[in-house]
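The sequence shown maps to residues 0 to 412 in numbering that gives the first Met the number 0.
Okay, so here's the structure we're looking at.
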Amino acid sequence: MNRSGKGSGSAGLSLAEGQRSLGDPRVRYPLWPPLTAGCPVTSTAATAYPVEVDYAYDDVPDTLFDPAPDKGGIDRWAPLLPPLHAPGLGEGRTPLVELADGVWIKDESRNPTWSHKDRLNRCTVSAAVGSGAQGVVVASSGNHGASAAAYAARAGLRCVVLASTGAPPAVQSFLDAYGAVVLPVPQKERWPLMRRIADRLGYHPVSNLTAAAHTGHAFGPEGYKTVAYEIHAELGVPAAVFVPTGYGELLFGVWKGFAELVRLGLAARTPRMYACEPAAGAPLAAALDRGVPAATVQVGPTSAYAIDCAVSGYRGVVAVRESGGRALRVTDAQMAAARTELAAGGLWAEFSSAVSLAGMRQLPPSDEGAVVCVSTSSGFKDMSTGTVPLEPLSPPDWTAVAGRLRAAGISLA
0 MNRSGKGSGS
10 AGLSLAEGQR
20 SLGDPRVRYP
30 LWPPLTAGCP
40 VTSTAATAYP
50 VEVDYAYDDV
60 PDTLFDPAPD
70 KGGIDRWAPL
80 LPPLHAPGLG
90 EGRTPLVELA
100 DGVWIKDESR
110 NPTWSHKDRL
120 NRCTVSAAVG
130 SGAQGVVVAS
140 SGNHGASAAA
150 YAARAGLRCV
160 VLASTGAPPA
170 VQSFLDAYGA
180 VVLPVPQKER
190 WPLMRRIADR
200 LGYHPVSNLT
210 AAAHTGHAFG
220 PEGYKTVAYE
230 IHAELGVPAA
240 VFVPTGYGEL
250 LFGVWKGFAE
260 LVRLGLAART
270 PRMYACEPAA
280 GAPLAAALDR
290 GVPAATVQVG
300 PTSAYAIDCA
310 VSGYRGVVAV
320 RESGGRALRV
330 TDAQMAAART
340 ELAAGGLWAE
350 FSSAVSLAGM
360 RQLPPSDEGA
370 VVCVSTSSGF
380 KDMSTGTVPL
390 EPLSPPDWTA
400 VAGRLRAAGI
410 SLA
């Protein structure tokens, strides 16, 4: 495997030059091997700093952001992505749907495994292929595991998923379909076991390995930048982008995409980035309130299982601080109302995905321009999906039909 990214196919288009610490950008590393446990120089026992991929920005083709045929996947942005050694599934190119005047929904449920994680895993599994790994290992009970299993299968790699016993039924079906090895373990044991599998089997970890703070995979958020590129192609720079936030990788990736557009002279500013977290935990909001790189909190009960994180990461702090945004704490009741609003507009979102619209609705109306709420996943991924059977009409006659229609508020002439 030619790991340089200068070979054939989409991988040959990458302008990625290396990795650098977000804790201190002067600390740099080669592009290979991808750092999966943060920066070993700037991290401390209390704080783990992530690394990010750096590029030869002066060599970006002038035509990269020209209008292009709606085909392929995120490959069209390959110069500003890590080498795409793994084959894609047509990820990206998701629709931007206007929900109301000036409020747009970036519907990431239209990705191949019905979530935003496909953009990330195209890049992380490419790192596994480029590293010569025989498989990948991931700690996830939701979208990340399902997506990693799909991209691993596509690349011909084995996939081990460390999941909780309470994973949603739809996610378990995804994992079974892709031939992943699913190991249900208590949450606190997932990360030590993932490190051991990576060390013993040589499998490439495609999710977080650090405990002091979330660092995640160096290549992963790069895939999320393409959300910003796609929004910019349709709307230009919105006034604000509201993002469901767990560890903050998506939040950072979208901000970085807009920051690159500014760097390349294609945009005058970045939008304000709003991190929308469940009020039951909200570690990023806590980190910003305390003025620290990352925070750990106690997480209370919430139905937003996909983003109920106890620990934050420094990426989220960077995105909010550099864009002039905020972290918003959102209640389950507010998420439920937003999910109903999305459904009334024809969009069925996972409960956690509705947190972005719910966060936006907390703020007073603004006349500064369009805003975008990222909806990360399909309602098929929720815990309760498929658990309520239909109640049959008995007897199946017009009287029973009319009764049901009236109960639903439909007037019968």
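Just so it is clear, CB atoms sit at the ideal spot from N, CA and C, and this is done for glycine as well.
Quick check: ASP23 and TYR54, are their CB atoms within less than 9 angstroms of each other? Translated into positions along the sequence shown, residue 23 becomes position 24. Translated into positions along the sequence shown, residue 54 becomes position 55. Contact flag unset, no.
Kindly indicate the opening and closing residues of the beta strand (DSSP E) around ASP53. As a first step, residue 53 is located in the sequence shown; it is residue number 54 there, counting from the start. Residues 50-54.
THR105 and SER393: beta carbons closer than 9 angstroms? On the sequence shown, position 106 is the one that residue 105 refers to. On the sequence shown, position 394 is the one that residue 393 refers to. According to the sequence shown, residue 105 is Lys rather than Thr. No, Cβ-Cβ distance for LYS105 and SER393 is not below 9 angstroms.
Taking DSSP as the reference, what is the three-state secondary structure of ILE409? Here residue 409 refers to the residue found at position 410 when the sequence shown is read from its first residue. Here ILE409 sits in coil by DSSP.
Who are ALA99's beta bridge partners in DSSP? Indexing the sequence shown from 1 puts residue 99 at position 100. According to DSSP, which records beta bridges pairwise, ALA99 is partnered with VAL102.
If distances are taken between C-alpha atoms only, which option among GLN333, ASN120, ARG157 comes closest to CYS275? As a position in the sequence shown, residue 275 is number 276, starting the count at 1. Among GLN333, ASN120, ARG157, the Cα nearest to that of CYS275 is on GLN333.
Give me the residue from THR244, SER351, GLY215, LEU234 with the minimum Cα distance to VAL52. For the purposes of this step, residue 52 is taken as residue 53 along the sequence shown, with counting starting at 1. Nearest option by C-alpha distance: GLY215.
DSSP state of SER9 mapped onto helix, strand, coil: The sequence position of residue 9 within the sequence shown is 10, counting from 1. With a pLDDT of 47 at SER9, under the threshold of 50, the modelled position of this residue cannot be trusted; read the value that follows with caution. Note: SER9 maps to helix in three-state DSSP.
Please state whether DSSP places VAL387 in a helix, a strand or coil. Here residue 387 corresponds to residue number 388 of the sequence shown, with the count starting at 1. It is coil, neither helix nor strand.
Applying the criterion that 16 or more other CB atoms from any shown protein chain within 10 Å of the CB defines a buried residue, is THR164 buried or exposed? On the sequence shown, residue 164 is found 165 positions in, with the first residue counted as 1. Burial call: exposed.
So who's on the other strand from TYR202, going by DSSP bridges? By 1-based counting over the sequence shown, the position of residue 202 is 203. In the DSSP output, where bridge partners are listed per residue, TYR202 has none listed.
Boundaries (first-last residue) of the beta strand (DSSP E) holding GLY324: One-based indexing of the sequence shown puts residue 324 at position 325. No beta strand (DSSP E) holds GLY324; DSSP gives it neither H nor E.
Just grab the DSSP bridge partners of VAL137 for me. What you label residue 137 is simply residue 138 of the sequence shown in a count that begins at 1. Answer is VAL160.
When the Cα atoms are used, what is the spatial distance from VAL413 to ASP198? Residue 413 is absent from the structure shown; the chain starts at 0 and stops at 412.
GLY368 versus PRO111 - alpha carbon distance: Against the sequence shown, residue 368 aligns to sequence position 369. Against the sequence shown, residue 111 aligns to sequence position 112. Roughly 31 angstroms separates the two Cα atoms.
So what's THR41 in DSSP terms, helix, strand or just coil? As a first step, residue 41 must be located in the sequence shown, where it is residue number 42. THR41: coil per DSSP, three-state reduction.
Can at least three beta-carbon pairs, one atom from the region 265-272 and one from the region 317-329, be found at a separation below 8 angstroms? yes
Beta-ladder partner(s) of GLN18, from DSSP: Your numbering for residue 18 matches position 19 in the sequence shown. Looking at the DSSP assignment, GLN18 forms a beta bridge with TYR28, VAL52.
If you measure from the beta carbon of ILE104 to each beta carbon in chain C, is any gap under 9 angstroms? No chain C is present in this structure, which holds just one protein chain.
SER114 vs GLY378 beta-carbon contact at 9 angstroms: The residue given as residue 114 occupies position 115 in the sequence shown. The residue given as residue 378 occupies position 379 in the sequence shown. No, these two residues do not count as a Cβ contact at 9 angstroms.
So, for CYS122: in the same chain, excluding its five sequence neighbours on each side, which residues have a beta-carbon less than 7 angstroms away from its beta-carbon? Here residue 122 refers to the residue found at position 123 when the sequence shown is read from its first residue. If we look at CYS122 and ignore the five residues flanking it on each side, its Cβ neighbours are LEU80, PRO81, PHE218, GLY219, GLU221, GLY222.
Would you grab the beta carbon distance between GLY144 and ALA169 for me? Rounded to a whole angstrom, and I think it's under 8 angstroms. Position 145 of the sequence shown, counting from 1, holds the residue named residue 144. Position 170 of the sequence shown, counting from 1, holds the residue named residue 169. About 12 angstroms; that fails the 8 angstroms criterion.
Is it a yes or a no for the region 352-361 touching the region 234-249, going by three-plus beta-carbon pairs under 8 angstroms? yes
At least 3 beta-carbon pairs within less than 8 angstroms: the region 116-136 vs the region 204-211: yes
Whole angstroms are fine: how far does the CA of GLY252 sit from the CA of ASP175? Along the sequence shown, read from residue 1 onward, the residue named residue 175 stands at position 176. Along the sequence shown, read from residue 1 onward, the residue named residue 252 stands at position 253. Cα to Cα, the separation comes out at about 30 angstroms.
Determine the direct distance from the alpha carbon of VAL26 to that of GLN297, and round the result to whole angstroms. The count along the sequence shown starts at 1 and reaches residue 297 at position 298. The count along the sequence shown starts at 1 and reaches residue 26 at position 27. Near 33 angstroms, if we compare the C-alpha coordinates of VAL26 and GLN297.
When DSSP labels each residue in this structure, what does THR212 get in the three-state scheme? Position 213 of the sequence shown, counted from the start, is the residue given in the question as residue 212. According to the sequence shown, residue 212 is Ala rather than Thr. Note: ALA212 maps to coil in three-state DSSP.
Beta-carbon separation of TYR56 and ARG262 under 9 angstroms? To locate residue 56, count along the sequence shown from 1; it is residue 57. To locate residue 262, count along the sequence shown from 1; it is residue 263. Result yes, Cβ atoms of TYR56 and ARG262 sit closer than 9 angstroms.
Among residues of its own chain, excluding the 5 on either side of LEU14, which ones have a beta-carbon nearer than 6 angstroms to its beta-carbon? Stepping through the sequence shown from its first residue, residue 14 is reached at position 15. So the qualifying residues of the chain are TYR54, ALA55, ASP58, PRO78.
Along the alpha helix (DSSP H) that carries ALA145, what are the first and last residues, could you check? Position 146 of the sequence shown, counting from 1, holds the residue named residue 145. Where ALA145 is concerned, the enclosing alpha helix (DSSP H) stretches over 142-154.
Helix, strand or coil for LEU182, going by three-state DSSP, please let me know. Position 183 of the sequence shown holds residue 182. Residue state, collapsed to three classes: strand.
Between the Cα of ALA286 and the Cα atoms of THR301, GLY312, TYR304, which residue gives the shortest distance? On the sequence shown, position 287 is the one that residue 286 refers to. Closest option to ALA286, Cα to Cα, is GLY312.
Opening and closing residue of the beta strand (DSSP E) in which PHE64 lies: Here residue 64 refers to the residue found at position 65 when the sequence shown is read from its first residue. Counting along the chain, PHE64 falls outside any beta strand (DSSP E), and DSSP gives it neither H nor E.
Which listed residue (VAL291, ASP288, ALA294, GLY280) has its alpha carbon closest to that of PRO300: Reading the sequence shown from its first residue, position 301 is the one you call residue 300. Ranking the options by Cα distance to PRO300, first place goes to GLY280.
Which of the three DSSP states, helix, strand or coil, is assigned to PHE379? Position 380 of the sequence shown holds residue 379. Residue state, collapsed to three classes: helix.
Separation of CYS38 from PRO29, as counted between CA atoms: Within the sequence shown, numbered from 1, the residue matching residue 29 stands at position 30. Within the sequence shown, numbered from 1, the residue matching residue 38 stands at position 39. Their backbone Cα atoms lie some 12 angstroms apart in a straight line.
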